Every structure is written in C-alpha cells, then in structure tokens.
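Protein chains in written order, with my numbering: chain E, 5 to 307; chain R, 1458 to 1992.
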C-alpha cells in the first residue's frame, strides 16, 4: 500500500525534524552549561561541566552524539532524581496514557451513542437537551470545573479524595473533569455527522428494504458518520497524551503534564528533552492508528 | 374492498418549508396489478416520485404531511398501518429501485452483505440468504458473480450497480417493484440492457412494475399504461399509444412536442477555412488509451457533436483542446496555431476565444456570487474586452440575449431553476465573445421541455453570432436536432465521422448502428417495430 508508506514516511520525517529542532533550540537558548548549572556556579564548575558533556566539541560532533543518544533513548540522567531521564518520563507517561485511554474510551462511547440518538430526530426534545448540555460542556474551563469538583465532592460531601493517587477513587475526579470538554466537542461532531448521514440516499434504500431503525442508526449510518469523528477523537486523545497539565497539577496526578511543568521549574533539561520525544512518538503512533482506523472503516480509502 | 393489488386513492401530500407550504401532490390516484407496468411520466418538480415515497414510508414527517387519501396494498391501508407492519412489507412485498445506484448503495459494506441484509431482515436464514445472493447476481447477469459479492459499490460500473439494485429488489420475490428513473444515469446501450432485464424478470415472476420516468422513450418501450403528472396533479392517463397520438391535455401535448429527434436535420455546407483542426491527438493513462489517434475539423459557425458511451473519451477531447490535460502527441491547430504546444502566455489569451459550458449549472456557478458578478468576472480577468463603465449595460444585454431579464443581474444562482442556471452559464461564456463553445453534456440534466428551449438558444447563437460548437452528448435525438457533423467515439477512438444525415440515416459502422438501435423512440409503434427489428 504505497499511500500508507508515504503517510508513514512523512510523519516519520516530521519526527526527525522535531529531533533536529529540539537540539538547536536547546543550543540557541544560550550555553547549556548556564542553563543546567545554578546561577552561582564557579567558572571551574562550568568548565568541568562543559568537558564532561562534550560541549567544547564542534557542533556537528555534538549533534551526531545527540542523535546517537536519542536513537538509544539515552537522554542522560535526571538532575533532580539522579536516574535516567527516560525512566522518569516513561513512568509518568504510563500514568498519563492510562488516564487518556480511559477518558477517551468513555468519551467516545458516550458521545457516539447519545449523539446518534439525538441525530435520529433532529430538533426533537432529546436533541435540544443534548445539544444545549454539550455546548456547555464544550465551553467549560477545566480548572474551574476541577476546583468546583473538589469543593463539592471531596470537601463538601467527602465522597472522593481531593488529590493524589492510590485507590480507584483517586481516578474518578480527574477523569470526570477531563471527560467534559472532549465529550461536548465530540458529541457535536457525532450529531452533525449523523444528521447528514441520515439524509443520505443509502438510508432511503435501507428503509425501502425494511431494515429496522436501530440497525439503520448503528449499522448503516454510524460507520459512515464515524470518519470525521475519528479525526476529532484522535486530536483530543493527542491533546490528553501531551499531558493534561492543568488537571494533573490540580489533582497532583503524577503524569507527563505535571512532570514537564516540574522539570521546567527545576531546569531538569534532560527530562524535558525525553518528555518531548516520548510524547512526540506517542502522537506519531496515534496518527498512524487514526489512518488505520480510516482504512478499516472506509473501503474507498483502501483502494 | 380493494380491486387492485396496489392502489393510491386521492393522495395529497404537502411539505412545510421555509418558503411556506408546498403542495407536492394533489388528489392523485392510480393503481397497478401483477404482471403489468404502469409508467408515471413527469418532469422534475411534477411530484411523480412523491406517491411512491408515501407507499414505502420514505416521507419524513415533518416536514412532510399527508393531508388526504389512502394507499391500499392487498386490502391493507398502508397509511394507517403500524410502523412495524409497513417495515415488513418494505423490501419483501414492495421493493424499490432508485435512480442513482452509487449514492443509494452504502459505500462501506460489500454488495454481498447488502444483498443478504434484505433477506436477513425478513427472516431468511443466513445460509439460504448467502446461496440466494449468488443466484441473484447470476440472474441479473453480473460478470464473475462469486467475486462480485465481496466487492464494494465503488468498484462497479454504473450499469453493474443498477443490476445490484435490481438484484436487491428481487431478493424477496416481491409483488411490486417501484423503479424511480432506473436508467436515467446510464448510457443508452446500458439503458436498453437494464430495461430488457426488468421486462424479462417481470415476465418470469409476474410482478407489477411502477416505473417513474421523464423519458417518453422509456414509456414507449416498457409501459402498459401511463399517467402523466404536472405540478402535483395527474393530467392524463391511458395507454402509451393513446397518450402519444391522442393527447388531450395541453401539457401532455407540449411534452410530446418537445421530445427531440423529430425535426429536419441540418445540411452543413462544407466550405471555408477550418477554425480548429485536431490531428492525431493521443492521450494515455498507463496502458489505458483515453484518446487514440483522434482527428477532426471544425469550421466557423458549425456544430460538431461528439457522441459515445461513458469512457469513450468524448470529454477527454474537450479537456485536451482547452489544455486542462496535456495530450501526449498530435496537434490541435486553432486558426493555424497549435494549442498543444502553445506557451502559457498565449494560451491565456486564447482561452477567451474558446469557452466551455458544463453539465451541472448548480455546481459550475459560484453560489456566493450574484449573476452580475458571475458574468462580469470574465472582464475582470480579461479587462481589454470591455471598459468597466459598460459592464452593467452589457450584462443586461447578455441576459436578454439568453432569454432572461436584465433585473435578474442582482440575484444569486439558487434563485433560479436548472434551465435558467444553464442560460446564465451560457451568458457567462458569451461575455468573452468566444468563437467556439464546448458544451459538455450541457442539456443532459435538464427536463425535456427546458432542454428544447436551451437547444433553441444555442442554435440562435450559432446562427446570429457565428459561434462554432463542440457539443458533447450521450442523448442522440438532441444531437440529431442540433448537430451539423457527428463524431462517434468508442474506447478513445473515432469510430465514424460524418454529416448528421450520414450518421443517422446511413451509419457505416456496426458500433454506430448499435448505438442508434439502443436509443428509444417516443412513439410506441415506432419503438415496437424497432425492438422487433433488433430481436
């Protein structure tokens, strides 16, 4: 399949471009030694640091070494935690991955079912309620929802823990808060896409064949209407994989988003580099999956 | 008690739209029995499809509303039956074939799946449905029936897709099949095959056929009885011969008079310099030869019709001349200069001399531009034609010339009918004062009576302004009325080229004869005689 090959190559190329950009950006922002070391470092310490990390070598040699290290997923040690940066990042990434996967699975399932039912009778009572609530959901600011959630469910009612991890209960508030916005957004897309799919000629054929309404909604139209939906689901999932910075910070959730913020504040440069590469690879994989899903759903794309 | 298998009695349907209430059909009654074919004849907007949509419960309510009448099927009033009762009848006892099979088949499921589905929803066991699906594909003459079941709709040709629709309609051996313009989108030769298949199946299974069409030729070929619809009402009913020869209602008479292909043929004079001479034009896409050694000549004020089935290369000729695609070899001499090798600067100036009118005026007119903007855009691009001060005056002049009114200039495309939009497209082409207009199926999408008017307009432009035309069409009677010369194409080759009389009266090539024989004559007697001659 040459079409796929070209898609994979082009997203791979952007990955390489990112790798190059990260290197030069880290050099453009000034002497890495000044970035990594505290402000009151002595000239000897700086010279020692430069020698140790090969910063006195020609740029091209440094770049070669950087590429070699990246290919081996070797980003050096975390300055704060004194263990390999990649280890720190993957550990946090697993938390974020689970959070994103669970949230997106719930969001997609709910949005598809509710959106489809709303679209079946556009303008009906159910449709109007759904459209209205999803609009509120899509425009609700997550920091506010998070704080209200904590105030009501953790402090007021005492049903859920305020933050941290450990039990299943710790997951509920972060997921609920992350759920709201993509749900509103995807619901809108599902509904719109389904409304236009119901107007299609093949739906007429299905009705003339005597196909049941349930089957018209969930078999005939849904698969056709999912194509634009997948794109939005992919976008939203990618955003979550990048780390839900605000939500993770508020709930003290040890994911990539919180890690990045902490590392920036701590000038833990190696961890930032590793986090950028890991999330970039995750988004690259995500895009591949979207392409595959497209081909799976629509035979016209396959040929 | 019902006297007929399917009977529509005094049906009235209206739609609530943003523009107010539209009465789609008014007090319409007709009936059909096993073994007979009823044709519902009408132009677009006549309401000819509304009663069949009501039969199959396909009218969305709202905005639709059935205000009166009943539909009796085998003694049951469908309009008061439950949703579930009607679902059990749909596809099992009454089946439907639609006009455009590509959009009416679900693009993401295999045709085998879609064929089996109609049996599965009516409780046929899976194994039996699979076996019957294969039988059906064989019966409708699908090449490689087994392999075709696993393919998707987009992998078939238009004629094959219509065969799939027919197979799907036949699956449950229904009592009635309703076919809505089943052959309109197909080539004449394919149309003849599909109609023949429908007739055979009807004889075999004794089903009642309701055929909705705008085409008098189709009526003459298959109908036992016909009802004529205009503006939501049945204006006349009878046998095809009665209707054709003794029409009482003025609308029916107008419709019959507008049927093309009956007038005197043009007798072109072969004199004067060639305006355009195409020599040995070739264009290949991989191994596929879209144009294979195509040569022809066109003089000032002359109409060359290009006819052939889809895929014959007739549109490719036009695209090559306009350099929308690049020919691989050959020459196209426009007033002595080769269009194929012309540098892009000269090409730009030449474009105003050769204009194009497309098939679908809805798509070729920008919906966000007023008619004035659409027509005057030509002068924005080619400012040497006309100073800005005269634009308004000239737009008014052009609109009058194409039979519209000057105050239409302020309106937008959606405010016009199909025929009017095609006139606007012609006015836009005329704005550049072209010497050649290439019309690619320019009247195919129009109703017969509108078609006749647009052809009349083109003939006037040819006569008065001396414009030459390359007239690409699949509709032979229209070609017969309008063309001076005819070029017949098949698989990228020119099969035959000659004056319109030569081609229509004494076709030399078997392919041309086959093409002409496949065409349907609106006169039922002529058509019957022709069918006997072919058989």
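Even for Gly, the Cβ is constructed at its ideal location relative to N, Cα and C.
None of these values were measured; they are calculated from a predicted model.
Count Cβ pairs between the region 1565-1584 of chain R and the region 1661-1681 of chain R that sit closer than 8 Å; are there 3 or more? No: fewer than three Cβ pairs fall under 8 Å.
Residue 1526 (chain R) and residue 1686 (chain R) look like a contact to me (Cβ under 8 Å); what is the Cβ gap, rounded to whole Å? On the second chain, residue 1526 (chain R) is found 69 positions in, with the first residue counted as 1. On the second chain, residue 1686 (chain R) is found 229 positions in, with the first residue counted as 1. Incorrect: roughly 15 Å between the Cβ atoms, too far for contact.
If I measure Cβ to Cβ from residue 1976 (chain R) and keep anything under 6 Å in the same chain, skipping five residues before and after, which residues do I get? Position 519 of the second chain, counting from 1, holds the residue named residue 1976 (chain R). Non-local C-beta neighbours of residue 1976 (chain R) in its own chain, meaning closer than 6 Å and more than five positions away in sequence, comprise 1645 and 1933, ordered along the chain.
Residue span of the beta strand (DSSP E) that contains residue 1752 (chain R), given as start and end: Walking along the second chain from the start, residue 1752 (chain R) turns up at place 295. In the DSSP assignment, residue 1752 (chain R) falls within the unbroken beta strand (DSSP E) covering 1745-1756.
Counting beta carbon pairs with one atom in the region 194-208 of chain E and one in the region 221-237 of chain E, are three or more of them shorter than 8 Å? Yes, they touch.
From R:1935, R:1964 and R:1940, residue whose alpha carbon lies closest to that of residue 1979 (chain R): The residue given as residue 1979 (chain R) occupies position 522 in the second chain. Ranking R:1935, R:1964 and R:1940 by Cα distance to residue 1979 (chain R) puts R:1935 first.
Is DSSP giving residue 1500 (chain R) helix, strand or coil here? For the purposes of this step, residue 1500 (chain R) is identified with residue 43 of the second chain, where counting begins at 1. Residue 1500 (chain R) falls in the coil class under three-state DSSP.
Residue environment, residue 156 (chain E), which counts as buried when at least 16 other CB atoms sit within 10 Å: As a working note, residue 156 (chain E) is residue 152 in the first chain. Exposed, because fewer than 16 other Cβ atoms sit within 10 Å of the Cβ of residue 156 (chain E).
Taking C-beta pairs closer than 8 Å, name the residues in chain R that residue 214 (chain E) reaches, listed in chain order. For the purposes of this step, residue 214 (chain E) is identified with residue 210 of the first chain, where counting begins at 1. Correct list: 1544, 1545, 1546, 1547, 1548, 1549, 1575, 1578 and 1579.
With 8 Å as the threshold, decide whether the Cβ of residue 232 (chain E) is near any Cβ in chain R. As a working mapping, residue 232 (chain E) is identified with position 228 in the first chain. Not closer than 8 Å to any Cβ of chain R, the Cβ of residue 232 (chain E) fails to qualify, so no.
Closer than 8 Å to chain R by CB, residue 258 (chain E): Within the first chain, the letter at position 254 stands for residue 258 (chain E). Not one beta carbon of chain R lies nearer than 8 Å to the beta carbon of residue 258 (chain E).
Identify every residue that forms a DSSP beta bridge with residue 1786 (chain R). What you label residue 1786 (chain R) is simply residue 329 of the second chain in a count that begins at 1. R:1739.
Assign residue 195 (chain E) to buried or exposed, taking buried as 16 or more other Cβ atoms, counted over all protein chains shown, within 10 Å of its Cβ. Working through the first chain from its first residue, we reach residue 195 (chain E) at position 191. The residue is buried, with at least 16 neighbouring Cβ atoms inside 10 Å.
CA-to-CA distance, residue 268 (chain E) to residue 1457 (chain R), given in whole angstroms: Because residue 1457 (chain R) is not part of the residues shown, which for chain R are 1458 to 1992, the question remains open.
Note down, in chain order, each residue of its chain lying with its Cβ closer than 7 Å to the Cβ of residue 20 (chain E), except the 5 sequence neighbours on either side. Numbered from its first residue, the first chain carries residue 20 (chain E) at position 16. For residue 20 (chain E), same chain residues with a beta-carbon under 7 Å away, outside a window of 5 residues either side, do not exist.
Anything in chain R within Cβ reach of residue 302 (chain E), meaning under 9 Å, just list it in chain order. Position 298 of the first chain holds residue 302 (chain E). Simply 1564 and 1565.
In this structure, does DSSP put residue 127 (chain E) in helix, strand or coil? By one-based count along the first chain, residue 127 (chain E) stands at place 123. Of the three classes helix, strand and coil, the one that applies to residue 127 (chain E) here is coil, per DSSP.
So, is residue 1542 (chain R) buried or exposed, given that buried needs 16 or more other C-beta atoms within 10 angstroms? By one-based count along the second chain, residue 1542 (chain R) stands at place 85. Exposed: under 16 other Cβ atoms inside 10 Å.
Hey, is the region 1711-1720 of chain R in contact with the region 1741-1748 of chain R, meaning 3+ C-beta pairs nearer than 8 Å? No: fewer than three Cβ pairs fall under 8 Å.
Counting only beta-carbon atoms, is residue 155 (chain E) nearer than 8 Å to chain R? One-based indexing of the first chain puts residue 155 (chain E) at position 151. Not an interface residue.
Compare the C-beta of residue 209 (chain E) with all C-beta atoms of chain R and state if any pair is closer than 8 Å. Counting from one through the first chain, the residue named residue 209 (chain E) turns up at place 205. Judged by the 8 Å Cβ criterion, residue 209 (chain E) is in contact with chain R.
For chain R, check one thing: does any of its Cβ atoms lie closer than 8 Å to the Cβ of residue 305 (chain E)? Stepping through the first chain from its first residue, residue 305 (chain E) is reached at position 301. Taking Cβ atoms only, chain R never reaches closer than 8 Å to residue 305 (chain E), which makes this a no.
How many angstroms separate the CA atom of residue 53 (chain E) from the CA atom of residue 37 (chain E)? Along the first chain, read from residue 1 onward, the residue named residue 53 (chain E) stands at position 49. Along the first chain, read from residue 1 onward, the residue named residue 37 (chain E) stands at position 33. So the alpha carbons of these two residues sit roughly 7 Å apart.
Look up residue 1812 (chain R) in the DSSP assignment and give the residues it is bridged to. Here residue 1812 (chain R) is taken as the residue at index 355 of the second chain, counted from 1. Looking at the DSSP output, residue 1812 (chain R) bridges to R:1894.
Could you tell me which residues DSSP puts in a beta bridge with residue 88 (chain E)? Residue mapping note: residue 88 (chain E) aligns to position 84 of the first chain, counting from 1. For residue 88 (chain E), which the question treats as bridged, DSSP gives the partners E:81.
Less than 8 Å between the CB atoms is what I'm expecting for residue 1552 (chain R) and residue 1629 (chain R), so what's the real figure, rounded? Looking up residue 1552 (chain R) in the second chain gives position 95. Looking up residue 1629 (chain R) in the second chain gives position 172. Contact flag correct, Cβ pair sits at about 7 Å.
Could you please give me the residues that DSSP links to residue 1907 (chain R) through a beta bridge? Here residue 1907 (chain R) is taken as the residue at index 450 of the second chain, counted from 1. Looking at the DSSP output, residue 1907 (chain R) shares a beta bridge with no other residue.
Short of 8 Å Cβ to Cβ, which residues in the region 1586-1609 of chain R face chain E? Within the region 1586-1609 of chain R, the qualifying residues are 1609.
Might you give, ordered along the chain, the residues of its own chain that have their beta carbon closer than 8 Å to the beta carbon of residue 159 (chain E), omitting 5 neighbours on each side? Counted from its first residue, the first chain places residue 159 (chain E) at position 155. Shown here for residue 159 (chain E): same chain residues with a beta carbon closer than 8 Å to its own, the five before and five after excluded, namely 166 in chain order.
Going straight from the alpha carbon of residue 1667 (chain R) to that of residue 211 (chain E), what length do you get? Start at 1 with the first residue of the second chain, and residue 1667 (chain R) comes out as number 210. Start at 1 with the first residue of the first chain, and residue 211 (chain E) comes out as number 207. Looking at the backbone, the Cα of residue 1667 (chain R) and that of residue 211 (chain E) are separated by about 18 Å.
Test item: CB-CB of residue 1789 (chain R) and residue 1781 (chain R) under 8 Å: Against the second chain, residue 1789 (chain R) aligns to sequence position 332. Against the second chain, residue 1781 (chain R) aligns to sequence position 324. Between residue 1789 (chain R) and residue 1781 (chain R), the gap from beta carbon to beta carbon reaches 8 Å or more.
For residue 1791 (chain R), does the three-state DSSP call read helix, strand or coil? Mapped onto the second chain, residue 1791 (chain R) falls at position 334. Here residue 1791 (chain R) sits in strand by DSSP.
Excluding the 5 residues preceding and the 5 following residue 88 (chain E) in the sequence, name in chain order all residues of the same chain whose CB lies nearer than 8 Å to its CB. Start at 1 with the first residue of the first chain, and residue 88 (chain E) comes out as number 84. Exclusion of the five residues before and after residue 88 (chain E) leaves 78, 79, 80, 81 and 82 as the residues of its chain whose Cβ lies within less than 8 Å of its Cβ.
Using a C-beta to C-beta distance shorter than 8 Å, which residues of chain E count as neighbours of residue 1572 (chain R)? Here the question's residue 1572 (chain R) lines up with position 115 in the second chain. Against chain E, the beta carbon of residue 1572 (chain R) has no neighbour under 8 Å; the closest one sits roughly 10 Å away.
Short check: CB of residue 1764 (chain R) to CB of residue 1943 (chain R), under 8 Å? Taking the first residue of the second chain as position 1, residue 1764 (chain R) is located at position 307. Taking the first residue of the second chain as position 1, residue 1943 (chain R) is located at position 486. Closer than 8 Å, so yes.
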